[in-house]
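Just add 23 to wherever you are in the sequence shown, counting from 1, and you've got this note's numbering. C-beta: ideal position from N, C-alpha, C; glycine also. Just so you know, these numbers come straight off a predicted model, no measurement behind them.
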Amino acid sequence: MSTVIDNAVAPHAAHAASLRQAQDGAAPVSTPLADARSQLAEAIGLLGFSEGTHQMLATPRRELTVAVPLRRDSGETVLFTGYRVQHNFSRGPAKGGLRYAPNVDIDEVRALAMWMTWKCALLDVPYGGAKGGIAIDPREHSKAELERVTRRYTSEILPIIGPERDIPAPDIGTDEQTMAWIMDTYSVNSGYTVPGIVTGKPIALGGSQGRASATSRGVTHIALAALRHAGITPSQATAAVQGFGKVGADAARFLTESGVTVQAVSDQYGAVFNAAGLDIEALAAHVRETGAVIGFSGAEALDGAALLELEVDLLVPAAVEGVLHEGNAARVQAKVIVEGANGPTTPAADGIMRERGILVVPDILANAGGVIVSYFEWVQANQAYWWRVDEVEARLEERMLSAWQHVLGYATSRGLSLRTAATALAVERVAEAHKLRGLYP
Ligand code: GLU
24 MSTVIDNAVA PHAAHAASLR QAQDGAAPVS TPLADARSQL AEAIGLLGFS EGTHQMLATP
84 RRELTVAVPL RRDSGETVLF TGYRVQHNFS RGPAKGGLRY APNVDIDEVR ALAMWMTWKC
144 ALLDVPYGGA KGGIAIDPRE HSKAELERVT RRYTSEILPI IGPERDIPAP DIGTDEQTMA
204 WIMDTYSVNS GYTVPGIVTG KPIALGGSQG RASATSRGVT HIALAALRHA GITPSQATAA
264 VQGFGKVGAD AARFLTESGV TVQAVSDQYG AVFNAAGLDI EALAAHVRET GAVIGFSGAE
324 ALDGAALLEL EVDLLVPAAV EGVLHEGNAA RVQAKVIVEG ANGPTTPAAD GIMRERGILV
384 VPDILANAGG VIVSYFEWVQ ANQAYWWRVD EVEARLEERM LSAWQHVLGY ATSRGLSLRT
444 AATALAVERV AEAHKLRGLY P
């Protein structure tokens, strides 16, 4: 069903994985979890933390695997597997999205949960990190089936979630309707309405103004700052955006509104290119009509993988993990990369692109706008007092740009990449909270 299709580009990810696996004698095969752990290990080494602290931060605090049986509309019963991983609670309740995608597994969810811990710590929102997932392709199911899957999954993870424990939000394959079902299931089981149980809800149910576009707005604030830092005037810059879902579509729109020439965008079916800049509104209308960017009359067709190697100033990977890897990093021509997705760049690609002078703004900074406004939504729900959209957007911009300055300053003064700086700052904050609380018993 179309409402839950978003920025999954599985073919690219599969391509990336097979390319990576094909590298004979290469370092351990890159997976999201291996990548997340290698980033953590680097930060731990830099901070000089003990192996005990390292082990603790490398390991999720709590994880739950649940069976999710679904009675299909046909009457047949099928079984899915769901996960909720709570990586860390040292700074507050666990927080993170819920992903519906066919290839979701426990290791991917572990990686995404760890990245949420760092993202929340880096942006100083008072949460730990979590992530959930169900190995399901939402496009193969009716709305009624997705509702039953969501409600059954919610009731299975009910004992470990709550507005003070763990607060889910949308991610790939889920949307505000999914959040409404989770809120309702949790509330019915509680006997009263609990709007703080999820974020990314419909506004009519206590969702926040500005939440739906928050990740893309944040990506745009960071992209403009990063371009300027690299000496590129945004109004003279060209860009390519991988993914035309929840993050990519609005990022392409906001970048265009900011004067950047967005020349190419892709989705899981292919890419489109126009050297003079794409008409993003017309492209969005085409996608609403046909379900894909390909076939858009205002552009020429382009191979999805080729989009990553275009000669543009700015590249925004806003789809899935591992798309910039050892096999293509040497061919990337963008000067600035702003990670709209979680984990799009493997450590090997990071190394190659750093050597080539490409400025990579890491996911935990670049795409944090979503969880920042999730935090605003949770604060508003807890107080039953709603903010205007301009208040939400001003506070979002202020937090994104101050985090950018903080990470940039830390990186510059120590000669680190932005990723290493951001991860180290986040890990340090989490470790400090843990130290102050002490180890129980
Ligand atoms: N899924 C989003 C992310 O990866 C949002 C998480 C949230 O708002 O809790 O950051």
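Open item on the list: With the cut-off set at 8 Å, would you say Gly271 and Gly363 are in Cβ contact?
Closed with: Cβ atoms of Gly271 and Gly363: closer than 8 Å.
TODO: May I ask whether a heavy atom of ligand 1 can be found less than 7 Å away from the beta carbon of Val316?
DONE: no
TODO: Using 7 Å as the cut-off, classify the Cβ of Thr222 as near or not near the heavy atoms of ligand 1, replying yes or no.
DONE: yes
TODO: Tell me whether Asp194 counts as near ligand 1, meaning its Cβ is closer than 7 Å to at least one heavy atom of that ligand.
DONE: Yes, the beta carbon of Asp194 sits closer than 7 Å to at least one heavy atom of ligand 1.
TODO: Give, in chain order, every unbroken run of the alpha helix (DSSP H) that is at least 4 residues long and sits entirely within the segment 193 to 271.
DONE: 199 to 213, 237 to 252
Task: DSSP three-state assignment for Asp290, whether helix, strand or coil - done: strand
Task: the segment 228 to 247 contacting the segment 401 to 421, beta-carbon criterion three pairs below 8 Å - done: yes
Task: Assigned exposure category for Ile395 - 16 Cβ within 10 Å defines buried - done: buried
- [ ] Quick one: residues in its chain with C-beta nearer than 7 Å to the C-beta of Ile245, no 5 flanking neighbours on either side, listed in chain order?
- [x] Cβ within range, chain order: Val361, Val384, Leu388, Ala389, Met423, Trp427.
Open item on the list: Quick check: is any heavy atom of ligand 1 less than 7 Å from the C-beta of Val359?
Closed with: With a cutoff of 7 Å, Val359 does not count as near ligand 1, since its C-beta is closer than that to no heavy atom of the ligand.
- [ ] Taking 8 Å as the cut-off, decide whether the C-beta atoms of Leu330 and Ser289 are in contact.
- [x] yes
Open item on the list: In whole angstroms, give me the CA-to-CA distance for Met376 and Ala417.
Closed with: 33 Å
Open item on the list: My parser needs the beta strand (DSSP E) runs of 3 or more residues fully inside the segment 90 to 148; what are they?
Closed with: 100 to 111, 117 to 124
TODO: Count the C-beta pairs between the segment 58 to 71 and the segment 439 to 450 that are closer than 8 Å, then say yes if the count reaches three, no if not.
DONE: yes
Task: Ala134 and Gly366 closer than 8 Å at C-beta - done: yes
Task: Residues bridged to Arg174 (per DSSP) - done: Its beta-bridge partners do not exist; DSSP assigns none.
TODO: Pull up the CB-CB distance for Tyr123 and Ile159, whole angstroms please, since I reckon it's below 8 Å.
DONE: 5 Å
- [ ] Would you mind reading off the limits of the alpha helix (DSSP H) that contains Gly374?
- [x] 370 to 378
Open item on the list: Which of the three DSSP states is assigned to Glu349 in this structure?
Closed with: coil
Open item on the list: Could you check whether Ala287 and Ala294 sit closer than 8 Å to each other, using their CB atoms as the reference points?
Closed with: yes
TODO: Check whether the Cβ atoms of Val316 and Val242 lie closer than 8 Å to each other.
DONE: no
Open item on the list: Across the segment 248 to 264 and the segment 446 to 457, are there enough close Cβ pairs to call them in contact, namely three or more that are closer than 8 Å?
Closed with: no
Open item on the list: Could you compute how far the alpha carbon of Pro186 sits from the alpha carbon of Glu170?
Closed with: 21 Å
Task: Between the CA atoms of Ser320 and His309 - distance to the nearest angstrom - done: 9 Å
Open item on the list: If distances are taken between C-alpha atoms only, which option among Lys118, Glu74, Leu247 comes closest to Thr188?
Closed with: One point to set straight first is that residue 188 is Arg, not Thr, in the sequence displayed. For the residues Lys118, Glu74, Leu247, the minimum Cα distance to Arg188 belongs to Lys118.
Task: Where the alpha helix (DSSP H) through Lys458 begins and ends - done: 441 to 460
TODO: With distances taken Cα to Cα, identify the nearest neighbour of Gly314 among Gly268, Tyr463, Glu451, Arg276.
DONE: Gly268
Open item on the list: Please classify Leu462 as buried or exposed, where buried requires at least 16 neighbouring CB atoms within 10 angstroms.
Closed with: exposed
- [ ] Compute every distance between the C-beta of Gly345 and the non-hydrogen atoms of ligand 1, then say whether any falls below 7 Å.
- [x] no
Task: Top-ranked residue by Cα proximity to His110, from Ala153, Asp302, Glu99 - done: Ala153
- [ ] Let me know if Glu280 comes out buried or exposed under the rule of 16 or more other beta-carbons within 10 Å of its beta-carbon.
- [x] Exposed.
TODO: Taking only heavy atoms of ligand 1 into account, decide whether any of them is closer than 7 Å to the Cβ of Ser178.
DONE: No, Cβ of Ser178 sits at least 7 Å from all heavy atoms of ligand 1.
Task: Separation of Arg85 from Trp138, as counted between CA atoms - done: 15 Å
Open item on the list: Below 7 Å, is the gap between the Cβ of Ser440 and the nearest heavy atom of ligand 1?
Closed with: no
- [ ] Over the uninterrupted beta strand (DSSP E) stretch that includes Leu338, give me the two end residues.
- [x] From DSSP, the beta strand (DSSP E) with Leu338 extends over 337 to 340.
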